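Student: Structure incoming, see below.
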Amino acid sequence: MNFIDQNLLDYCESYSSDEPEYLKEIHRQTYLTQINPRMLSGHLQGRFLKLIIQLCQPKRILEIGTYTGYSALCMAEGLSGDSFIDTIEVNEELEPIILKNFEKANAKPTIHLHIGNASEIILNNLKSERYDLVFIDADKQNYPVYFDLIKNLLNPGALLIADNVLWSGKVIEQNELNTDQETMAIHLFNKTIAADNSFETVMLPIRDGITIARKK
Ligand SMILES: C[S@@+](CC[C@H](N)C(=O)[O-])C[C@H]1O[C@@H](n2cnc3c(N)ncnc32)[C@H](O)[C@@H]1O
3 MNFIDQNLLD YCESYSSDEP EYLKEIHRQT YLTQINPRML SGHLQGRFLK
53 LIIQLCQPKR ILEIGTYTGY SALCMAEGLS GDSFIDTIEV NEELEPIILK
103 NFEKANAKPT IHLHIGNASE IILNNLKSER YDLVFIDADK QNYPVYFDLI
153 KNLLNPGALL IADNVLWSGK VIEQNELNTD QETMAIHLFN KTIAADNSFE
203 TVMLPIRDGI TIARKK
């Protein structure tokens, strides 16, 4: 869901940096071939992610939820030197599409794709890694789990970015009668990170809501 009028969103996009052609093509292909293509970050959020990477210059990035690779490629555009991205996707049918997209963008050396369940991959393969930025954009009911798993993998000064934290506005409708698992989990994630004194946190109403938190 977008919280601003489509015309205003179009205006924001038209006065932001252009979406490169190769990303327009991934966008087009995702909408032609995938279920639920609205999951893809898109022009505005993609340019936002790239700019954050350029500002913070993280050496190591972890993305949870690759989908067709759009957001990983936006982040890779902002990287310099020997930095790289670990990205995790549970849907193995997406693997050839993601790898083809990374290859077309010459990003294969910079992005390491892990296929499997994010919690298992973090616990089994990545638990001794340290990250300067983590982007959480996978299954919503596991946001609190991901926060627990990654908070000790973040270097001091690292950023945690989480997408869909407003969950189409449902987060303000949650109560004891509304037991929608995803809404409750996102609300718990939002409460937990806001109350955690080891983070400085801001929640922004971009697209479906993005939280940016800096580990102190
Ligand atoms: C919102 S999409 C990611 C969009 C992508 N970050 C982008 O902006 O283009 C969420 C992705 O998370 C994946 N996913 C869901 N549950 C997962 C899990 N437990 N572990 C890893 N990936 C998961 C889904 O298959 C889906 O491709």
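The working numbering puts the first residue of the sequence shown at 3, with every later residue one more than the last.
Beta carbons: idealized from backbone N, C-alpha and C, even for Gly.
These numbers were taken from a predicted model, which means no experiment stands behind them.
Which residues in the same chain have their Cβ closer than 7 Å to the Cβ of A196, if we skip the five residues on either side of it in sequence?
Tutor: Within the sequence shown, numbered from 1, the residue matching residue 196 stands at position 194. For A196, where only same-chain residues beyond five positions count, the Cβ hits under 7 Å are T203.
Student: Just to confirm the assignment: which complete beta strand (DSSP E) runs, minimum length 3, are found wholly within the region 44-114?
Tutor: Counting whole runs of 3 or more residues, the region 44-114 contains the beta strand (DSSP E) stretches 62-66 and 86-91.
Student: Check for me: the beta strand (DSSP E) holding R216 runs from which residue to which?
Tutor: Counting from one through the sequence shown, the residue named residue 216 turns up at place 214. Segment I212 to K217, the beta strand (DSSP E) holding R216.
Student: Tell me which same chain residues have a C-beta within less than 6 Å of the C-beta of M41, skipping the five on either side of it?
Tutor: One-based indexing of the sequence shown puts residue 41 at position 39. Hits under 6 Å: Y69.
Student: If we count the other Cβ atoms within 10 Å of its Cβ and call it buried at 16 or more, is Q8 buried or exposed?
Tutor: What you label residue 8 is simply residue 6 of the sequence shown in a count that begins at 1. So Q8 counts as exposed.
Student: What residue from M77, A187 and L11 has the CA that sits closest to P146's CA?
Tutor: Counting from one through the sequence shown, the residue named residue 146 turns up at place 144. Out of M77, A187 and L11, A187 has the C-alpha closest to the C-alpha of P146.
Student: Taking 7 Å as the cut-off, is the beta-carbon of S43 closer than that to any non-hydrogen atom of ligand 1?
Tutor: The residue you call residue 43 lines up with position 41 of the sequence shown. True, at least one ligand heavy atom lies under 7 Å from that Cβ.
Student: Just checking I90 against ligand 2 - is the residue's beta carbon closer than 7 Å to any of the ligand's heavy atoms?
Tutor: Annotation note on ligand 2: not contained in the displayed structure, which lists ligand 1 as its ligands.
Student: Name the DSSP beta bridge partners of D165, please?
Tutor: Locating residue 165 in the sequence shown gives position 163, counting from the first residue. Bridge partners of D165: I212.
Student: Cβ atoms of L156 and S121: under 8 Å apart, would you say?
Tutor: As a position in the sequence shown, residue 121 is number 119, starting the count at 1. As a position in the sequence shown, residue 156 is number 154, starting the count at 1. No, they are not a contact pair.
Student: Would you tell me roughly how many angstroms separate the C-alpha atoms of P98 and L115, rounded to the nearest one?
Tutor: Locating residue 98 in the sequence shown gives position 96, where the first residue counts as 1. Locating residue 115 in the sequence shown gives position 113, where the first residue counts as 1. Going by the C-alpha atoms only, they are around 11 Å apart.
Student: Can you find the residues in the same chain that come closer than 7 Å, C-beta to C-beta, to I117, ignoring five residues on each side of it along the sequence?
Tutor: One-based indexing of the sequence shown puts residue 117 at position 115. Excluding sequence neighbours, I117 sits near E91, E94 and E97.
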